[in-house]
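**Student:** Protein chains in written order, with my numbering: chain W, 534 to 648; chain Z, 37 to 151. The C-beta atom is built at its ideal place from N, Cα and C for all residues, glycine as well. Would you mind keeping the following structure in view while I ask a few things?
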């Protein structure tokens, strides 16, 4: 058990809808990272938050947004959903803001299916 | 720019035999290198990392990796494979000179260990 909790585990919705994915980091970790894993794109970094502030941005679409709350949990909001957004979305956490020095601890992901 | 390549989509090995999963990287500065493993329906688990120091890095579950700067490689190895090692393995890299860079993951290699 990594200590990172993601909810829900599965999400099925329709095109054009909006969903919110939730992540609770491991106790003591200040950084939260969001990734998208799909068969054609592989594992893509979306965005990082450190202690409530956006730290780095990757290949995140404008339709997607995220935030980290004072209790350090994070939410990833996906709107105007398209079929191509179907993927596994992972949250990871680490102790500090530098991804190079500490391993990231991954949750088990949210599987998003767009019908 | 940083990139990482895992040239084999799948590696097949018999239980008890040594295994190697290949990874090559490209960064402009010093590389920070990681191996992660993903079991079905689970998030990625950290195996080992190379930041600096000894070129042979030992990690979890008997895995080790050898950093080779001249060949820009960081191959994952294990002397004796177990059926339970069957999983998806990801190599990741980050340019150590650029604190803003995130981890870039390879496309993954599926390891199949047969009894």
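Taking the C-alpha atoms as reference points, what is the distance between residue 93 of chain Z and residue 550 of chain W?
**Tutor:** Mapped onto the second chain, residue 93 of chain Z falls at position 57. Mapped onto the first chain, residue 550 of chain W falls at position 17. Answer to the nearest angstrom: the Cα atoms are 46 Å apart.
**Student:** Give me, in chain order, the residues of the same chain whose beta-carbon lies closer than 8 Å to that of residue 646 of chain W; leave out the 5 immediate sequence neighbours on both sides.
**Tutor:** As a working mapping, residue 646 of chain W is identified with position 113 in the first chain. Only 543, 544, 545, 546 and 619 meet the Cβ criterion.
**Student:** Could you tell me the boundaries of the beta strand (DSSP E) in which residue 138 of chain Z lies?
**Tutor:** Within the second chain, residue 138 of chain Z is the residue found at index 102, counting from 1. It is not in any beta strand (DSSP E) - residue 138 of chain Z carries neither H nor E in the DSSP assignment.
**Student:** Checking contacts by CB at 9 Å: is residue 139 of chain Z closer than that to chain W?
**Tutor:** Counted from its first residue, the second chain places residue 139 of chain Z at position 103. Answer yes: the Cβ-Cβ gap between residue 139 of chain Z and chain W drops below 9 Å somewhere.
**Student:** If the criterion is Cβ atoms closer than 9 Å, does the pair residue 567 of chain W and residue 605 of chain W meet it?
**Tutor:** The sequence position of residue 567 of chain W within the first chain is 34, counting from 1. The sequence position of residue 605 of chain W within the first chain is 72, counting from 1. No; because the gap between Cβ atoms is not below 9 Å, this pair is not in contact.
**Student:** Anyone know if the C-beta pair for residue 624 of chain W and residue 565 of chain W falls short of 9 Å?
**Tutor:** One-based indexing of the first chain puts residue 624 of chain W at position 91. One-based indexing of the first chain puts residue 565 of chain W at position 32. Yes.
**Student:** Specify, as a first and last residue, the run of the beta strand (DSSP E) that residue 598 of chain W falls within.
**Tutor:** As a working note, residue 598 of chain W is residue 65 in the first chain. Taken as a continuous stretch (DSSP letters only), the beta strand (DSSP E) holding residue 598 of chain W covers 597-601.
**Student:** Per the DSSP calculation, residue 575 of chain W is bridged to which residue(s)?
**Tutor:** Position 42 of the first chain, counted from the start, is the residue given in the question as residue 575 of chain W. Partner(s): W:571.
**Student:** Just verifying my parser: in three-state terms, what is the DSSP assignment at residue 97 of chain Z?
**Tutor:** Translated into the one-based positions of the second chain, residue 97 of chain Z becomes position 61. Looking at residue 97 of chain Z - three-state DSSP - the assignment turns out to be helix.
**Student:** Starting from residue 72 of chain Z, follow the beta strand (DSSP E) in both directions and report where the run begins and ends.
**Tutor:** Here the question's residue 72 of chain Z lines up with position 36 in the second chain. Unbroken beta strand (DSSP E) run through residue 72 of chain Z: 67-74.
**Student:** Going by CA-CA distance only, name the one from Z:143, Z:96 and Z:122 that's closest to residue 572 of chain W.
**Tutor:** Counted from its first residue, the first chain places residue 572 of chain W at position 39. Out of Z:143, Z:96 and Z:122, Z:143 has the C-alpha closest to the C-alpha of residue 572 of chain W.
**Student:** Using a threshold of 9 Å, state whether the C-beta atoms of residue 634 of chain W and residue 86 of chain Z are closer than that.
**Tutor:** Your numbering for residue 634 of chain W matches position 101 in the first chain. Your numbering for residue 86 of chain Z matches position 50 in the second chain. Contact: no.
**Student:** Flag residue 85 of chain Z as yes if its beta-carbon sits less than 9 Å from any beta-carbon of chain W, otherwise no.
**Tutor:** Stepping through the second chain from its first residue, residue 85 of chain Z is reached at position 49. True, the Cβ-Cβ gap to chain W drops below 9 Å.
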